[in-house]
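*Asks:*
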Amino acid sequence: MSASNWGGPNSSAEENYPLPLLRLLLKEMIGQFGAQGACMALHDKTNGQMKVQVHMRLASVQPPTEVALLDLDQASQRQDTPNRRKTVQLDAEEQETQHMASVNASLRARPQNLPDDRIIDVTADQCGLFMVGSTYAPGQDLIGRTWHKNEVYAMRHEDYMALIRNNKASVPHMDVSPAYYMSVPLRESTLMDELQGHPHPPAVLGVVVLYFMASSTLNLQRLRVEVLPYAERMVLHLRNETLRIQNESLRLKQRRTSDYLQLLQGISSVFPTSVQLSDLVEHIYQFAARVVDVSGMLLTLYDRDLDRLYDVFALQAGQRVEGLVEKPVVRLKSERPVWWHEAQHEKRALLFSPAQDREKMQQYQELLTGSWGDQREALSFLLLPMKMFNRVVGTICLTSMEPDAYPPEEIQVLETMAQIVTVSIENTKLYERDRAILNDARQREAQLAAINSALQSISSVLNVTELLNNLVESVALIAKVDMCVFFEPSAANEELVAHALYAPSSVKMVDDGSGMPVIIPPNKGEQDKIISMIRLPFKGTFLEHMVDEGFFYLDAPKLEELAHESNEGGVIFLRETGVENMLMVPVSYQAVFIGFLAVPTPNGNRSFRPKDVGTVLAICAQATSAIRNAHLFEQREEAYARLERMDKLKDEFLVTASHELRTPLTAISGYASQLKRQSARATPQTVLRFATRISVAAQQLSDLVANITEAAQIGPGDRKMDLHMEAIQVLAATEMALNMISHHSEHMISLDIDRDIWINGDAPRVRQVLTNLIENATKYSPPGTQVQVTTTSMLLSDVEALLTEDQVDPTLLIDHEDIPVVVVRVKDQGEGILPQDQQKIFEKFVRAPRSLTTPVRGSGLGLYICRRFVEAMGGKLWLEQSVANEGSIFSFYLPQVASPVEAVDYR
Ligand code: ADP
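So, in structure tokens, the structure goes:
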């Protein structure tokens with residue numbers, strides 16, 4: 002018997018007596034006593050009966066022919082009848098007398114076991130007598146009696162059959178009909194007990210029944226003498242041999258155990274130092290493959306922190322599934338309910354043969370498929386839980402294409418390995434955790450440094466644009482994103498306008514002339530105008546209600562909602578930059594909303610890690626006061642600049658005003674003193690001439706003072722003037738204005754004004770505006786040139802196209818209906834106004850520099866006052882066109898009204 006069979010599937014159910022040994026002994030006994038067949042029954046502890054283990058006979062023993070069988074039967078019946086009531090128990094003497102003759106004959110003619118006389122097993126189909134597996138109670142049948150009495154029984158076939166019938170049992174079917182049976186107890190040697198002087202009844206281990214085909218060949222005497230000691234020796238041999246085999250097996254076991262121990266030692270010395278998961282799983286595989294047959298393997302780990310399962314190693318048909326260690330297959334536990342149950346609830350090894358046990362295969366299908374392919378046809382499957390105390394941190398699953406590939410002892414070894422591996426993995430995790438904590442600390446340090454420098458770059462800047470640029474750049478770098486935008490509310494809080502954009506390689510808005518902004522790499526410097534093309538709706542949107550939030554996210558539907566109402570730049574930003582989710586941080590300073598910092602999440606993530614959001618919020622908090630400071634600083638700077646300008650204007654004004662005042666004053670005092678001096682001889686005509694001059698100068702003086710007072714009283718946007726609105730005929734008003742201009746005669750003034758054009762306005766103011774514009778046209782153009790005054794009726798919506806940038810008002814049509822208006826244009830052929838002065842001339846006391854050098858008089862108040870008047874009457878005044886040395890067109894519009902009927906009729 003080979004050691005590998007020991008304890009294996011071929012071993013006998015009676016573990017104490019290996020079947021091959023029993024067969025060997027029985028075979029020898031058959032040969033020794035010249036029997037043709039024999040069976041051996043052994044005591045079965047489980048049911049306390051004798052159980053037939055082996056039944057063998059010579060291959061040469063042929064079943065009788067039908068006739069022979071019939072004869073035999075008749076013979077047995079014939080012989081049986083007279084003995085029916087006779088006891089069948091035969092004592093030694095009786096047997097001896099009855100069969101002496103035949104015994105002697107048998108001794109002479111004892112059959113020799115020829116070398117080719119093979120011994121074969123008798124199957125249950127062949128013969129119902131001494132069937133392997135049949136059991137006998139004490140005293141039952143021949144075997145039971147031999148056992149019970151602990152004696153040798155010799156019995157003729159007929160007597161045996163009679164015994165069976167007497168016991169009311171049916172005669173079993175038999176393919177041969179032996180002549181004689183000899184039943185021998187297998188008893189333990191009592192030799193030692195006897196020598197020591199305390200005899201015990203010897204225990205019967207079993208019974209051997211030898212049967213002989215021809216009683217004539219038997220030597221009963223010799224049999225009786227020899228069979229008992231032989232049986233005793235056989236028992237001894239059985240015991241010895243069993244012990245030897247057991248020893249041998251133990252020795253082998255021990256050797257293998259020590260081999261395994263060595264392996265385990267090796268593995269335990271490798272694992273704790275191995276931080277690499279790839280090393281670890283490789284070792285597990287190598288080890289398992291040395292202990293058992295492995296054609297498939299799956300190592301699944303459970304991470305409690307992340308609550309995920311990871312398949313980190315898989316072997317399919319002896320081939321490694323590549324790349325799993327680097328990129329494990331991740332599963333939720335809900336996706337592996339069977340695994341979860343086995344690992345977390347059963348917590349013990351699971352062993353079965355998928356190919357042979359279909360029911361279990363179905364039940365555990367989930368375990369047999371997955372990262373390691375389909376293992377349902379494997380002949381052996383083993384699941385080992387990897388336990389840390391009572392916690393299961395993973396499983397090792399093995400399959401083999403061999404049946405019973407995982408014997409208990411090997412499972413134990415693998416379990417030990419799993420235990421060691423588990424500890425190692427936990428160690429590794431702890432180590433990793435420590436390292437992660439350390440890394441984290443380092444990262445935090447770096448992060449803090451980054452935040453610090455970001456804050457510095459933000460708080461050290463006083464220019465709002467530069468500050469916001471620093472802010473978006475810092476946030477993008479710290480949050481590791483590609484894009485970051487700062488939106489500010491527009492002047493009327495209507496929209497959110499991008500003020501700073503960070504987008505290193507992805508987006509930038511420029512107008513390439515196609516009318517559509519396109520995306521190009523960034524180019525610092527010329528950014529502001531382009532960036533401000535990104536506008537999002539604000540007023541009336543949900544964003545307006547979010548300004549008090551700490552932060553919030555805009556998801557795809559919300560972004561789309563905004564894109565729907567955005568301008569082109571906003572649409573491109575929202576739809577074409579790949580933004581899927583955006584973190585929005587409202588920035589407010591003391592309840593004043595300053596703007597939103599918008600940070601799109603990278604890779605379509607739904608949100609940032611809380612840590613990152615915290616950082617962004619911290620930076621924003623710092624940035625808030627910096628922004629506020631910068632705003633204040635800029636406002637102060639502007640105020641300073643304005644003050645400075647005002648100061649300069651004041652000086653200029655004083656020069657102008659003193660000149661303006663001095664001129665009429667000089668005239669007044671000159672003519673007055675001349676009048677005084679010539680009072681005696683002056684003619685009435687002279688007096689009138691002088692008095693007129695004085696009066697004109699006084700009027701100039703008074704006009705100037707009136708202008709100064711008026712300008713001081715009306716501020717920008719001040720529409721609450723005391724106006725008397727009425728229908729005014731533009732032509733009449735213009736003609737009246739012309740009359741008020743003293744030097745208009747030097748110019749060719751043409752009026753192209755339809756009589757029927759009427760506007761709604763305050764008559765004296767309309768006249769003043771017209772006077773001022775026509776006067777300017779004559780003042781700032783050479784004598785002899787043309788001045789044209791024209792009117793055009795149009796709809797308010799059409800005016801927009803004519804307005805200059807400073808006059809464009811997006812609320813124009815929101816506040817007003819699309820009413821008909823009259824545009825009045827005053828065109829000259831004069832010196833024109835340089836582009837840089839075109840806006841300034843509408844401010845108080847501002848005169849274009851070139852006008853200052855000319856002798857033309859002026860206070861720089863006219864246009865300022867006119868614009869205020871027109872605006873107060875619901876219109877606008879602007880410089881529509883001006884080309885140096887070619888001329889200018891000053892225009893204004895006022896609401897058109899229908900001509901009053903009476904006026905038309907009576908004129
Ligand atoms: P004033 O004419 O008293 O200086 P205004 O406010 O009327 O003040 O005009 C401001 C300035 O605008 C003028 O000083 C002049 O430089 C410029 N200006 C006004 N109208 C004209 C014009 N028709 N052609 C050229 N320059 C003009």
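Letter by letter, the sequence shown follows residues 2 to 908 of the working numbering.
Note that the Cβ used here is the ideal one computed from N, Cα and C, for glycine as well.
1. Name the DSSP beta bridge partners of N761, please?
2. So does D652 have its beta carbon nearer than 8 Å to some heavy atom of ligand 1?
3. If you draw a straight line from the alpha carbon of A356 to that of Q364, how long is it in whole angstroms?
4. Alpha carbons only, please: which of A437, L537, D441 is nearest the one belonging to N568?
5. Could you say if the segment 420-427 and the segment 388-399 meet the contact criterion of at least three C-beta pairs nearer than 8 Å?
6. Identify the residues that DSSP records as bridge partners of K388: which are they?
7. Give me whichever residues DSSP pairs with C128 in a beta bridge.
8. Determine the DSSP secondary structure at P587, reduced to helix, strand or coil.
9. At a cut-off of 8 Å, is R663 close to ligand 1 when judged by its beta-carbon and the heavy atoms of the ligand?
10. Given that a residue counts as buried once 16 or more other Cβ atoms are within 10 Å of its Cβ, and exposed if not, what is I121?
11. Tell me whether S782 counts as near ligand 1, meaning its Cβ is closer than 8 Å to at least one heavy atom of that ligand.
12. Let me know the secondary structure DSSP gives M57 once reduced to three states.
13. How about R646: is its Cβ closer than 8 Å to a heavy atom in ligand 1?
14. Starting from the Cα of A204, find the closest Cα among E152, K651, M156, V226 and give me that residue.
15. Inspect the CB distances between the segment 498-505 and the segment 624-644 and report whether three or more fall short of 8 Å.
16. Measuring only the C-alpha atoms, how far is G35 from M402?
17. In chain order, what residues of the same chain lie with their CB nearer than 7 Å to the CB of A42, ignoring the 5 residues before and after it?
18. What do you reckon, is the C-beta of A778 under 8 Å from a heavy atom of ligand 1?
19. In terms of DSSP beta bridges, what is A624 paired with?
20. With a Cβ-Cβ cutoff of 9 Å, do V236 and Y303 count as a contact?
21. For S782 and S533, I'd like the C-alpha separation in whole angstroms.
22. Under the three-state reduction of DSSP, which class applies to G831: helix, strand or coil?
23. Does L449 pass the burial test, meaning 16 or more other C-beta atoms within 10 Å, or should it be called exposed?
24. To which residues of the same chain is V462 closer than 8 Å at the C-beta, ignoring the five residues directly before and after it?
25. May I ask you to verify whether the segment 402-411 touches the segment 435-455, counting CB pairs closer than 8 Å and requiring at least 3?
26. Rounding to the nearest angstrom, what Cα-Cα distance links E527 and G570 in this structure?
27. Please confirm if the segment 587-595 is in contact with the segment 559-568, defined as three or more CB-CB distances below 8 Å between the two stretches.
28. For F543, count neighbouring Cβ atoms within 10 angstroms of its own Cβ and tell me buried if that reaches 16, exposed if not.
29. Going by the CB atoms, is the gap between P179 and M214 shorter than 9 Å?
30. Would the segment 707-715 and the segment 748-758 be scored as touching if the rule is three or more Cβ pairs under 8 Å?
31. Could you tell me if the beta carbon of E569 falls within a distance shorter than 8 Å of some heavy atom in ligand 1?
32. Between L251, S279, M57, G395, which has its C-alpha nearest K28's C-alpha?
33. Classify Y432: buried if its beta carbon has 16 or more other beta carbons within 10 angstroms, exposed otherwise.
34. Measuring from the CB of F891, is there a heavy atom of ligand 1 at a distance below 8 Å?
35. I need the straight-line Cα distance from P896 to S860, nearest angstrom please.
36. Strictly by DSSP, which residues pair up with Q317?
*Replies:* Let me lay it out:
1. A728
2. no
3. 13 Å
4. L537
5. yes
6. V393
7. Its beta-bridge partners do not exist; DSSP assigns none.
8. strand
9. no
10. exposed
11. yes
12. strand
13. no
14. E152
15. no
16. 47 Å
17. M51, K52, V53, Q54, Y137, I144, G207, V208
18. yes
19. DSSP, once it has assigned bridges, lists no residue as partnering A624.
20. no
21. 40 Å
22. coil
23. exposed
24. L468, N471, A627, A631
25. no
26. Residue placement at E527 is flagged as unreliable, the pLDDT there being 46, under the threshold of 50; the coordinate-derived value follows with that caveat. So the two alpha carbons sit approximately 16 Å from each other.
27. no
28. exposed
29. yes
30. no
31. no
32. M57
33. exposed
34. yes
35. 29 Å
36. Q320
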